[in-house]
């Protein structure tokens, strides 16, 4: 299973040319020697660690009632009926801990599954159970009870460079294990509206439906990413595929294993992408970085001394290319973790150490729920508020939330005709990914609707 958003490159040709170079230049990264032009030895070693996943279950959908039935029920009757439909789907997974039987895949592969079946490369089948998942980053951790498994080692995805060779292994279209190759086409891709937390590796390795949850490897056979989405109008490969970086996967899996859930870290800033005009205004000579437009009071960023107008250029010594990348990395690093931020301020760069706080359902940045809400700060209403719901505490004047029409003091009381009494209710509805989001807003004495797309 793969989302539509998706190598065969000249890798073999390139490796063939390498064989004609001097030995010092021709040595391959996985140590097979200068006269080897095949990926087969590495694939044979790693491929048992990549599995096929098949799932089955049922999904509940709402179907509008025919007009005669609406008349029969009257104006106060239901306008839709619930319908349960069985489904089957295919995907891929990667064994990351052979001893514990831990397998990673995408959340969307196993979403709503009643049964998860894993097939190894030798044809053995095992039923798997879901240990934990994080929908916002599209990560799921499974466990199988099996012996003699082969695990795939994690690579440090922060060391990747555009142009590095990449190898994808998965189960496209249910054909069985398939290997494709190419390069890292881009890093830090976000704004694709596939997930709430996006920091994708882009690759031209051929990725198709069914590759979701499979492995993206370096030439040493280490995991650099988990294949997740494609950009393809017909659902097929056009040379643009996306993978979740291995460091992001590892951070989330470690939290699930330790706590049974993801304890998301929060920095407490609002901001956006760094444009040429902004960079020039603040005397910064690059367009890579995350611009901070607002620091929330009493947040981790506020306590650490971050200020509006700062440009965050690195995290733990690794460059930050965009605000989307910063947001995804912070949110997946875990609460209570101390990180070192490189900050450009007043013409010079400085270091700021920040201890991330834990995200909870009492106060969140709305951009974590939907891109059109970016720039707003949400909180559950208090007893002093006139009606239960989700209150808009702050709205950045030049944000997407402001453009959508949200104002400070608004109270969200419904979404798509469903009552909202808390952030939990709001999150549940939005994470079902409806095509249109109609917010019912209480503004003073008026009730209005704002439509997000």
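In mature numbering (1 follows the signal peptide of the UniProt record, and there is no 0), the protein residues as written are -26 to -1, 1 to 427. Virtual Cβ for every residue (Gly too), placed ideally from N, Cα, C.
The three-state reading of DSSP puts residue 103 in strand, counting E and B together.
The alpha-carbon separation between residue 407 and residue 166 amounts to approximately 14 angstroms. Secondary structure of residue 344 (DSSP, three-state): coil.
About 5 angstroms separates the beta carbon of residue 181 from that of residue 201, a gap short enough to meet the 8 angstroms contact definition.
Residue 139 is bridged by DSSP to 157.
Listed in chain order, the non-local C-beta contacts of residue 127 below 8 angstroms within the same chain comprise 195, 196 and 197, local neighbours out to five positions each way being set aside.
In this structure, residue 314 places its C-beta atom within 8 angstroms of the C-beta atom of residue 291. The beta carbon of residue 228 is closer than 8 angstroms to those of 308 in its chain, skipping five residues each way along the sequence.
With contacts defined as CB atoms closer than 8 angstroms, residue 380 and residue 369 qualify as a contacting pair.
Between the region 318 to 327 and the region 270 to 280 there are three or more inter-stretch CB-CB distances shorter than 8 angstroms, so the stretches are counted as touching. Per the DSSP secondary-structure output, residue 423 pairs in a beta bridge with 414. Assigned with DSSP and collapsed to three states, residue 276 falls in helix. Shortest Cα-Cα distance from residue 102 to any of 108, 217, 382 and 79 involves 79. Residue 419 and residue 360 have their C-alpha atoms some 10 angstroms from each other. Take residue 270, set aside five residues on each side of it, and the residues of its chain with a beta-carbon closer than 6 angstroms to its own are 242, in chain order. Residue state for residue 230 is assigned as helix, using DSSP reduced to three classes. Distance from the Cα of residue 287 is smallest, within the candidate group 248, 267, 231 and 389, for 248. The alpha carbon of residue 362 has as its nearest neighbour, out of 377, 384, 137 and 70, the alpha carbon of 384. Counting C-beta pairs with one atom in each stretch, the region 78 to 93 and the region 8 to 23 have fewer than three that are closer than 8 angstroms, which means they do not touch. Burial state of residue 61 is exposed, judged by a 10 Å Cβ sphere holding fewer than 16 other Cβ atoms. With a contact defined as Cβ atoms closer than 8 angstroms, residue 158 and residue 175 qualify at about 6 angstroms. Secondary-structure assignment with DSSP links residue 256 through no beta bridge to anything. The C-beta distance from residue 295 to residue 272 rounds to 29 angstroms, too long to fall under 8 angstroms, and the pair is not in contact.
Rounded to the nearest whole angstrom, the C-alpha separation of residue 240 and residue 212 is 36 angstroms. Shortest Cα-Cα distance from residue 119 to any of 183, 73, 136 and 164 involves 73.
Beta-bridge annotation (DSSP): residue 223 is not paired with any residue. Taking 8 angstroms as the cut-off, the beta carbon of residue 25 is found no closer than this to the beta carbon of residue 84. If you look at residue 323, you'll find it isn't in any alpha helix (DSSP H); it sits in the beta strand (DSSP E) that goes 322 to 329. Using a Cβ distance threshold of 8 angstroms, residue 131 and residue 199 count as a contacting pair. Inter-residue distance for residue 205 and residue 358 is about 47 angstroms (C-alpha atoms, whole angstroms). Here residue 247 carries a strand assignment [DSSP, helix/strand/coil]. Counting of Cβ neighbours within 10 angstroms places residue 133 among the exposed residues, the total staying below 16.
Residue pairing by DSSP places residue 368 opposite 351 in a beta bridge. Nearest in C-alpha terms to residue 331, of all of 238, 403 and 412, is 238.
In the three-state scheme derived from DSSP, where H, G and I count as helix and E and B as strand, residue 15 is classed as helix.
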